[in-house]
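Letter by letter, the sequence shown follows residues 1 to 221 in full-length UniProt numbering.
All C-beta atoms, glycine included, are put in the ideal place defined by N, C-alpha and C.
These numbers come from a predicted model, not from an experiment.
Everything on this sheet refers to the single structure shown next.
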Amino acid sequence: MAKEQSRDSGVLVIGLGRFGAALAATLDRLGREVLAVEKDAALVQQWSSRLPLVEADASNPEALQQLGAEEFPVAVVGVGTSLEASVLITANLVDLKMPQIWAKAVSAEHGRILRRIGAHHVVYPEYDAGQRVAHMVSGRMLDYIEMEDGFTIVKMRPPRETHGFTLSESRIREKYGVTVIGVKPPGEPFEYATPATRIGGDDLLIVSGDTNLLETFAHRP
């Protein structure tokens, strides 16, 4: 049985597969009010001691009404393997006039359907993860976040040519068109970059810019 929730800032997570479970557990760990909904009894048993959880079939609109889904400002549909269930659940949430509906899609076609019926945000976890890993395995990047319009932020190791030089001396922006936002020396706190910031060989850099320009910079020896 779910514990009492403060739902004006809570998140309703429907489906406790790998995506939904990771999302709900992370929200709970961050102190966000979260209520998970799952119809599979085995998954309910697995997660019931770790998450606020209700066993219900969210493809049934009456079930959503009974658990007070409309009181949550945000709902996440983590069901992806069953297209029919994903669409039905999303449509039910739209009918409840949920302010924000996030839905997982497993293909471009699936995503288009979800958007057409009213999902506000569609995410593609497997595609996004594959894209991120592709960028990271091919160069010095350790993490990769693509925002929009080709703008990207990466965490990376510094190319050898920058070791021992300040940002002013290395002229990274002039040469490569990217901006070093900050530097994290080993064992020391993160610091925002200035022209006088000196880069060490073991430092971590946070760099922003156009995706293609960042790829060029990250592939420097």
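Beta-carbon contacts of residue i that lie in its chain and below 7 Å, excluding the five residues immediately before and after
i, result
"Tyr176", "Leu213, Thr216 and Phe217"
"Leu83", "His110"
"Met156", "Arg140, Met141, Leu142, Leu205, Val207 and Ala218"
"residue 222", "For residue 222 there is no data in the structure shown, the boundaries of the chain being 1 and 221."
"Ala63", "Ala56 and Asp57"
Beta-carbon contacts of residue i that lie in its chain and below 6 Å, excluding the five residues immediately before and after
i, result
"Val178", "Val207, Gly209, Leu213, Leu214 and Phe217"
"Gly10", "Glu33 and Phe72"
"Ile101", "Ala75, Leu93, Ala119 and His120"
"Leu12", "Leu35, Ala69, Phe72 and Ala75"
"Val154", "Met141, Tyr144, Val207 and Leu214"
"Leu27", "Val11 and Val34"
Three-way DSSP call (helix, strand, coil) for residue i in this model
i, result
"Thr197", "coil"
"Thr179", "strand"
"residue 222", "What the structure shows of the chain is the stretch from 1 to 221, and residue 222 is not part of that stretch, so it cannot be assessed."
"His121", "strand"
"Leu51", "coil"
"Ser86", "helix"
"Val79", "coil"
"Val106", "coil"
"Phe165", "coil"
"Glu188", "coil"
"Phe19", "helix"
"Gly209", "strand"
"Ala69", "helix"
"Leu96", "coil"
"Asp203", "coil"
Whole-angstrom distance between residue j and residue i, CA atom to CA atom
i, j, result
"Leu16", "Arg112", "23 Å"
"Arg198", "Pro189", "14 Å"
"Gln46", "Ala58", "19 Å"
"Val44", "Val94", "25 Å"
"Ala85", "Gly150", "34 Å"
"His121", "Ala129", "17 Å"
"Val87", "Met147", "27 Å"
"Gln66", "Ala108", "32 Å"
"Leu114", "Ile145", "24 Å"
"Ala41", "Ser48", "10 Å"
"Arg50", "Ala21", "10 Å"
"Glu174", "Pro221", "18 Å"
"Glu38", "Asn60", "12 Å"
"Ala193", "Ile181", "5 Å"
"Arg160", "Gln131", "26 Å"
"Tyr127", "Leu23", "17 Å"
"Ala134", "Leu96", "39 Å"
"Pro99", "Val106", "23 Å"
"Gly31", "Arg171", "42 Å"
Cβ separation of residue i and residue j, assumed to be a contact under 8 Å, to the nearest whole Å
i, j, result
"Leu53", "Ala36", "5 Å"
"Pro195", "Thr166", "7 Å"
"Ile14", "Ile117", "Their Cβ separation, rounded to whole angstroms, is 15 Å, which puts Ile14 and Ile117 out of contact at 8 Å."
8 Å CB neighbourhood of residue i in its chain, flanking five on each side removed
i, result
"Phe19", "Gly78, Gly80, Lys104 and Pro125"
"Glu4", "Note that Glu4 has pLDDT 44, beneath the 50 cutoff, so the model's placement of it is unreliable and no number is given."
"Thr152", "Tyr144, Ile145, Glu146, Ser208, Gly209, Asp210, Thr211 and Leu214"
"Val123", "Trp102, Ala103, Lys104 and Ala105"
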